[in-house]
Amino acid sequence: MLRIHFDADDLARVRTAPGPDPLWELVLSLNKLQSPNGGGRYAEWRTRARDRIREAGVQRSFGILRTLVPPHGNFPDFMTPWEASFDLEAGYEAMLRLPPDRMLDDLRRTFRRRAAPSWVRDLADRRGRGMREIISAMRHYQREVLQPCEPQLMRHVEADLAARTRQLAQDGPVNLLRGLPAPIRWNDGVLEADYLVDHRIRLNGRGLTLVPSYFCNDTPVTLIDGELPPVLVFPASARSVEQPEDRDYLAGLVGATRAQILRCLITPMSTRQLAERVRVSSPAVSQHIGVLRGAGLVTSARNGQSVQHRITRLGRELIGG
């Protein structure tokens, strides 16, 4: 059983995630790809994903990731840093900054009930090279396996987030928590859910971030380490990622590449990230962004060495999000 204990300060600090979290989706998709219960809404995606792993040469990366993320049970907390909900690259940078002792603690908790291969036992002793290998595998898997469905997936999660953010503002945190999907239930100051193990979290004034997820479709998920910023990942309202794209008129209106860019920008991205997603050059992305920005559909702002692009409210209305 999972039990999350709230006090008045915690209720005042209940919040929804700032956007879809790509690293939680990545990790939970690995669960679903390996699960023996592969029917339902994930069946077609699993078939395509397995074909893509074979055709695009993702076997080695997938092998690394499935060792860390089994079909059920613990996986390392460091694979889902909270920074990723703001920016994917910030999430990877947070992973690289992880101290070796934290990495070792995460791996020990992950492999408490199963044997760890020798290469996993060596990860924390390799002066950062081990983490870079994991991140490289995550990038490879994300680019080749998740990218084809990501715009629809992110739009689906964004819609759930928008509805729950409105509910929090209009009805307050208790009603929001009461309205979370089964098997989550609110019980007199304690949020409970059926869980693989007994796990109790006392928030102690830290509040809770709610993260809807496409690939979380049954049991909610949280971090193993109760001292990390508390999150609860739960199933976003059901909509199949296999549904055909129902807004093809957008490509006719702004062009196929610009339509794809708009859908990608449900999550803020840099020029380089967009170029990787839509598979065109960075200069071409910049040209398309200039047109979309001139039409009021996106905004751009410098963030360190890169420029971050975001979809505007008008852009969201155009794509139906």
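Just so you know, we're using the numbering used here here: the sequence shown kicks off at 632 and counts up by one.
From the three backbone atoms N, C-alpha and C, an ideal C-beta is built for every residue, glycine too.
Host alpha helix (DSSP H) of Trp655 (start-end): Pro653 to Gln665
Between Arg944, Glu907 and Pro860, which has its C-alpha nearest Val645's C-alpha? Pro860
Return helix, strand or coil for Glu858, following the three-state DSSP convention. coil
What does Ala824 pair with, by DSSP beta-bridge criteria? Leu633
In chain order, which alpha helix (DSSP H) runs of at least 4 residues are fully inside the region 895 to 941? 902 to 909 and 913 to 925
Through-space distance from Thr840 to Asp641, alpha-carbon basis: 10 Å
Using a threshold of 8 Å, state whether the C-beta atoms of Arg795 and Thr647 are closer than that. yes
Comparing alpha-carbon positions, which option in Ile766, Ala747 and Pro748 lies nearest Met726? Ile766
Which same chain residues, not among the five before or five after Gln778, have their C-beta less than 7 Å away from its C-beta? Arg908
Between which two residues does the alpha helix (DSSP H) carrying His787 extend? Glu781 to Asp802
Beta carbon of Thr943, beta carbon of His919: below 8 Å? no
So if DSSP puts Ile832 in a beta bridge, which residue, or which two residues, is it bridged to? Ile635
Quickly, what does DSSP pair Leu841 with across the bridge? List them, please. Thr647 and Leu863
Tell me which same chain residues have a C-beta within less than 6 Å of the C-beta of Gly810, skipping the five on either side of it? none
Closer than 6 Å by C-beta to Leu729: which residues in its own chain qualify, once you throw out the five before and the five after it? Chain order, please. Phe709
By how many angstroms is the C-alpha of Leu834 removed from the C-alpha of Val828? 19 Å
Can you tell me where the alpha helix (DSSP H) holding Arg681 begins and where it ends? Ala674 to Glu686
Any chance you could list the alpha helix (DSSP H) runs of at least 4 consecutive residues sitting entirely within the region 737 to 771, in chain order? 749 to 752
Backbone CA spacing between Asp877 and Arg744 [nearest angstrom]: Only weak support is given to the placement of Asp877: the predicted model assigns it a pLDDT of 44, under 50, and the value that follows is read from those uncertain coordinates. Each residue's alpha carbon lies about 44 Å from the other.
Measuring CB to CB, does Ser913 end up less than 8 Å from Thr902? yes
On the three-pair Cβ rule with 8 Å, is the region 815 to 828 touching the region 648 to 659? no
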